[in-house]
Amino acid sequence: MANYFAKAHVLYIFTVTNCHVGSGSTASEEIDLPFQRDSLGYPIIYASSLKGSIKSFLLRTYEDSKKGEVFYLFGKDESADEASKVSILDAVLLFIPVRIIPVSNNFRGVYVYATTVELLDTAQSYLDAVSSLTQGNFNKKNDDFKFYKIDENGNLEVIVNESYFKFKEDDDLKNNYSKLIPTGINKPIFVFEGNIGKDIINRSLIRVRRIRIDRGKKTVEIGGLWSEEYVPHNTYFMSVALVREDGKKDGEPQSALELFNSIKNKLNYLIIGGQETIGKGIVRLIWAD
Numbered sequence: 001m002a003n004y005f006a007k008a009h010v011l012y013i014f015t016v017t018n019c020h021v022g023s024g025s026t027a028s029e030e031i032d033l034p035f036q037r038d039s040l041g042y043p044i045i046y047a048s049s050l051k052g053s054i055k056s057f058l059l060r061t062y063e064d065s066k067k068g069e070v071f072y073l074f075g076k077d078e079s080a081d082e083a084s085k086v087s088i089l090d091a092v093l094l095f096i097p098v099r100i101i102p103v104s105n106n107f108r109g110v111y112v113y114a115t116t117v118e119l120l121d122t123a124q125s126y127l128d129a130v131s132s133l134t135q136g137n138f139n140k141k142n143d144d145f146k147f148y149k150i151d152e153n154g155n156l157e158v159i160v161n162e163s164y165f166k167f168k169e170d171d172d173l174k175n176n177y178s179k180l181i182p183t184g185i186n187k188p189i190f191v192f193e194g195n196i197g198k199d200i201i202n203r204s205l206i207r208v209r210r211i212r213i214d215r216g217k218k219t220v221e222i223g224g225l226w227s228e229e230y231v232p233h234n235t236y237f238m239s240v241a242l243v244r245e246d247g248k249k250d251g252e253p254q255s256a257l258e259l260f261n262s263i264k265n266k267l268n269y270l271i272i273g274g275q276e277t278i279g280k281g282i283v284r285l286i287w288a289d
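So this is what it looks like as structure tokens:
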């Protein structure tokens with residue numbers, strides 16, 4: 001891979017509003033329009049959805065004379081003859097806000113961040129896969145937060161999403177995964193394992209009933225009742241953008257690395273999954289470097 005990609009950029013996706021990136025309708029779920037899921041059942045943003053949102057944003061904001069740069073980096077929709085210069089990985093869930101009721105007197109707050117060992121390992125595998133391309137971007141650790149794990153002898157008692165747990169601060173988790181955590185995180189991170197973690201995360205998702213009105217009759221249209229699933233605001237996902245550099249060719253605007261760096265600086269906020277007219281889908285892009 002080091003011979004194919006020239007640069008890797010780690011990207012955090014922070015949901016400013018509740019966000020729905022749909023997987024399409026399904027008859028096997030209790031939700032008509034569920035959020036996208038990975039093979040383990042965790043929420044995920046597929047690379048095609050993320051890359052498509054980035055590309056659409058740039059095409060809407062760039063003037064016509066500059067749109068060729070977007071197609072040069074991200075490919076043309078109508079032509080698959082040549083791979084795009086930028087590859088985007090699926091955005092894995094890093095952590096999600098969960099409701100808490102502190103039982104211990106020494107703990108305060110209304111929510112913390114929850115994640116699982118499986119999610120952290122997946123995110124860590126991204127860093128391991130592109131370690132030769134990151135050029136030391138992740139040597140510094142973020143020490144401004146605390147990791148907690150379930151421990152029956154723990155001194156921190158908390159009700160998380162209506163379930164009672166005892167937790168204990170864990171320095172091993174912090175040492176192993178601190179490189180994954182973006183700066184500015186000021187909430188404790190509770191790490192769960194297995195089905196307990198999946199259940200905690202699923203109960204943190206938001207299910208919304210939607211209706212479509214027949215304005216003439218002032219009633220719900222036939223078939224106009226459905227449900228959607230959202231990840232809450234303040235959720236973090238992590239992805240990686242890989243840039244392929246083949247050298248500037250005749251007719252090309254500039255090198256892919258230079259062009260992506262200039263475009264990357266414009267990618268701060270994004271609409272993903274649509275529904276921005278009802279205050280959904282706004283995310284902030286945080287580039288690790």
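The numbers in full-length UniProt numbering rise by one with no breaks, and the one at position 78 of the sequence shown is 78.
All residues carry an ideal CB built from backbone N, CA and C; glycine is no exception.
For clarity, every value in this text was computed on a predicted model and none was experimentally measured.
Under a Cβ-count criterion, where at least 16 other Cβ atoms within 10 Å of its own Cβ denotes burial, should residue 277 be classed as buried or exposed?
-> Residue numbering aside, residue 277 sits at position 277 when the sequence shown is read from its first letter. Counting Cβ neighbours within 10 Å, residue 277 comes out exposed, since fewer than 16 surround it.
So what does DSSP say about residue 74, is it helix, strand or coil?
-> Translated into positions along the sequence shown, residue 74 becomes position 74. Residue 74 falls in the helix class under three-state DSSP.
Where does residue 260 sit, in a helix, a strand or coil, going by DSSP?
-> As a position in the sequence shown, residue 260 is number 260, starting the count at 1. Looking at residue 260 - three-state DSSP - the assignment turns out to be helix.
Where do the ends of the beta strand (DSSP E) carrying residue 190 lie?
-> In the sequence shown, the residue the question calls residue 190 occupies position 190. That run of the beta strand (DSSP E) goes 189 to 192.
In the DSSP assignment, find the unbroken alpha helix (DSSP H) run with residue 118 in it and report its ends.
-> By 1-based counting over the sequence shown, the position of residue 118 is 118. It spans 117 to 129 - the alpha helix (DSSP H) in which residue 118 sits, taken as one unbroken run.
Since I believe residue 5 is in contact with residue 244 (beta carbons under 8 angstroms), could you give me their beta-carbon distance rounded to a whole number of angstroms?
-> Residue numbering aside, residue 244 sits at position 244 when the sequence shown is read from its first letter. Residue numbering aside, residue 5 sits at position 5 when the sequence shown is read from its first letter. About 6 angstroms separates the two Cβ atoms, so the contact holds.
According to DSSP, is residue 267 helix, strand or coil?
-> Here residue 267 is taken as the residue at index 267 of the sequence shown, counted from 1. Looking at residue 267 - three-state DSSP - the assignment turns out to be coil, as it is neither helix nor strand.
Residue 4: beta carbon under 8 angstroms from a heavy atom of the ligand NAD?
-> The ligand NAD is not among the ligands present in this structure, which contains no ligands whatsoever.
Hey, out of 191, 281 and 176, whose CA is closest to residue 117's CA?
-> To locate residue 117, count along the sequence shown from 1; it is residue 117. Minimum Cα distance to residue 117 is reached at 191.
Note down the Cα distance separating residue 207 from residue 235, rounded to an integer number of angstroms.
-> Position 207 of the sequence shown holds residue 207. Position 235 of the sequence shown holds residue 235. Residue 207 and residue 235: Cα-Cα distance of roughly 16 angstroms.
Please confirm if the stretch 83 to 94 is in contact with the stretch 159 to 175, defined as three or more CB-CB distances below 8 angstroms between the two stretches.
-> no
Assign residue 83 to one of three DSSP states: helix, strand, or coil.
-> Counting from 1 along the sequence shown, the entry for residue 83 is found at position 83. If DSSP states are grouped into helix, strand and coil, residue 83 belongs with coil.
Environment of residue 64 [buried if 16+ CB atoms lie within 10 Å] = Position 64 of the sequence shown holds residue 64. So residue 64 counts as exposed.
Classify residue 44 as helix, strand or coil using the three-state DSSP reduction.
-> The residue labelled residue 44 in the question sits at position 44 within the sequence shown. Note: residue 44 maps to strand in three-state DSSP.
Any contact of the stretch 98 to 116 with the stretch 255 to 273, i.e. 3+ C-beta pairs under 8 angstroms?
-> no
Distance between residue 180 and residue 2 (C-alpha atoms, nearest Å) = Numbered from 1 along the sequence shown, position 2 holds the residue referred to as residue 2. Numbered from 1 along the sequence shown, position 180 holds the residue referred to as residue 180. Reliability fails at residue 2, whose pLDDT of 48 lies under 50, so the model's placement of it is uncertain and the value that follows must be treated cautiously. Cα-Cα distance, rounded: 21 angstroms.
Please report how far the alpha carbon of residue 52 lies from the alpha carbon of residue 231, in whole angstroms.
-> Along the sequence shown, one-based indexing puts residue 52 at 52. Along the sequence shown, one-based indexing puts residue 231 at 231. Each residue's Cα considered, the two are about 19 angstroms apart.
Please classify residue 175: is it buried, with 16 or more other beta-carbons within 10 angstroms of its beta-carbon, or exposed?
-> Translated into the one-based positions of the sequence shown, residue 175 becomes position 175. With fewer than 16 Cβ atoms within 10 Å of its Cβ, residue 175 is classed as exposed.
Could you spell out where the alpha helix (DSSP H) holding residue 94 opens and where it closes?
-> Counting from one through the sequence shown, the residue named residue 94 turns up at place 94. Counting along the chain, residue 94 falls outside any alpha helix (DSSP H), though it belongs to the beta strand (DSSP E) covering 91 to 102.
Are the beta-carbon atoms of residue 115 and residue 95 separated by less than 9 angstroms?
-> Numbered from 1 along the sequence shown, position 115 holds the residue referred to as residue 115. Numbered from 1 along the sequence shown, position 95 holds the residue referred to as residue 95. Their beta carbons are under 9 angstroms apart, which means residue 115 touches residue 95 by this criterion.
Which residues in the same chain have their Cβ closer than 6 angstroms to the Cβ of residue 269, if we skip the five residues on either side of it in sequence?
-> Position 269 of the sequence shown, counting from 1, holds the residue named residue 269. Cβ within range, chain order: 284.
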